[in-house]
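Taking it in order: structure first as structure tokens, then the write-up.
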Amino acid sequence: MNAQNSLVVFIILLASSMLSCTKRNNKSESHPIQWDTIHYQATTPAEEGNGSIVQDFELLFPSHKDRLKREIYRVVLGFTGSETIPAKQLVDSLARTNRKHFLLDRDVILGTVYHEQISSFVAYEDPLLLSLAVNYTSFKGADEPSNTVCFYNFILPEGIALSESSIFIDGYEEPLTHLLVEHIKKTYLTNAVVNYDEVRPNGNFKIDTKGITYCFQEKLVLVDSNNEMMIPLSWEELKTLLRESSPINHLIN
């Protein structure tokens, strides 16, 4: 299961206590979308024992672009309904499911405090493309936090998700894997223990004017590491793998 699929599971399991919605307007030419931000903070005690769940997150949703909003619901939250329901209502429904799940965790029942922090932010935006990042952090008690960043890319005129296959030529997987592996070899110490089986195109990437940056859970790639690994590849490095006609051509030309 890749990082994006894992994150969908995590977000579907969000607890609910108090929700408020505030509007943030972005008036600059580089951020033309108006965003609604769903804020969430709650401490939910366990029904048995002394444990609790502490949650703090905020998620961005477009204010007026209903088609894009439904697509974000689908790819980020896993909601497949065709209607455009209020974001607050959707998150509240998912949160109730989360509460039932985590309150059954044995460590929480025995007194552990479980922390969960989720936020989303615009990693890149122009009139044609959007890269939306979702950052997920969780830990129990005094454990070291585990952090995951997932990127979701959208074609703004159509309001649909952007896939790897729409950017790269057929058969791109093997040469793109080679570029990713070579970047790791140049970046990290030669004595690092690297699990190269986990280094391959995973759909978790952001796009900007410089190129494409892939994100991996570092603990899956490097032993004894618990964060995310960012691997930037420039348009120059990727030029032989790109389709002649794709939604990102304006960034290259």
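Numbering-wise (my numbering), the sequence shown opens with residue 212 and increments by one. Here a beta-carbon is modelled for each residue, glycine too, at the ideal position from N, C-alpha and C.
Proximity to residue i [Cα-Cα], best of the options
| i | options | result |
| --- | --- | --- |
| GLN252 | GLU259, ASN261, VAL265 | VAL265 |
| TYR335 | LEU444, SER457, PRO243, GLU455 | PRO243 |
| SER374 | PHE416, LEU339, PRO386 | PHE416 |
| ASP277 | PRO386, GLU455, ILE423, GLY370 | GLY370 |
| VAL302 | ILE423, THR291, TYR284 | TYR284 |
| ASP419 | PRO356, ASN460, LYS299 | ASN460 |
| PRO356 | ALA257, LYS397, GLN428 | GLN428 |
| HIS312 | LYS396, THR388, GLU258 | GLU258 |
Close beta carbons around residue i, own chain, < 6 Å, minus the five adjacent residues each side
| i | result |
| --- | --- |
| LEU341 | PHE365, LEU367 |
| GLY322 | GLY260, ASN261, GLY262 |
| ILE296 | none |
| ILE442 | LEU391, HIS394, TYR425 |
| THR233 | Confidence is the limiting factor: at THR233 the pLDDT is only 35, short of 50, which leaves the residue's position unreliable and the question unanswerable from this model. |
| PRO465 | Residue coverage of the chain in this structure runs from 212 to 464, which leaves residue 465 outside it and unanswerable. |
| ILE423 | PHE416, LEU444 |
| HIS275 | none |
Spatial neighbours of residue i in its chain, beta-carbon cut-off 7 Å, leaving aside the 5 residues before and after
| i | result |
| --- | --- |
| VAL432 | VAL405, ASN406, GLU409, VAL410, MET440 |
| ARG235 | Its pLDDT being 38, under 50, ARG235 is placed unreliably by the model, and nothing is read from it. |
| PRO458 | LEU339, LEU340, ILE366, LEU373, SER377 |
| GLY352 | THR323, VAL324 |
| PRO386 | LEU452 |
Span separating the alpha-carbon of residue i from that of residue j
| i | j | result |
| --- | --- | --- |
| GLU269 | SER349 | 15 Å |
| ALA344 | VAL287 | 10 Å |
| SER376 | GLU384 | 10 Å |
| PHE379 | HIS250 | 37 Å |
| LEU271 | ASN346 | 12 Å |
| PHE290 | ASN309 | 15 Å |
| ASP267 | GLU455 | 43 Å |
| GLN328 | THR255 | 14 Å |
| ASP337 | ASP318 | 45 Å |
| ASN358 | ALA298 | 24 Å |
| PHE362 | GLU282 | 14 Å |
| ASP381 | GLU448 | 17 Å |
| ASP354 | LEU315 | 19 Å |
| GLN300 | SER293 | 15 Å |
| HIS389 | HIS326 | 37 Å |
Sequence-distant residues of the same chain with beta carbon closer than 8 Å to residue i, five excluded per side
| i | result |
| --- | --- |
| ILE463 | TRP446, LYS450, LEU453 |
| SER331 | GLU269, LEU270, LEU271, VAL287, LEU343, ALA344, VAL345, ASN346 |
| LYS421 | PRO443, SER445, TRP446 |
Cutoff 8 Å: residue i Cβ touching any chain C Cβ
| i | result |
| --- | --- |
| GLU294 | The chain inventory of the structure shown lacks chain C, comprising one protein chain alone. |
Integer-rounded CB distance, given that residue j should sit under 8 Å from residue i
| i | j | result |
| --- | --- | --- |
| CYS426 | VAL360 | 5 Å |
*Which residue spans inside the stretch 267-318 form an unbroken alpha helix (DSSP H) run of at least 4?*
277-283, 298-313
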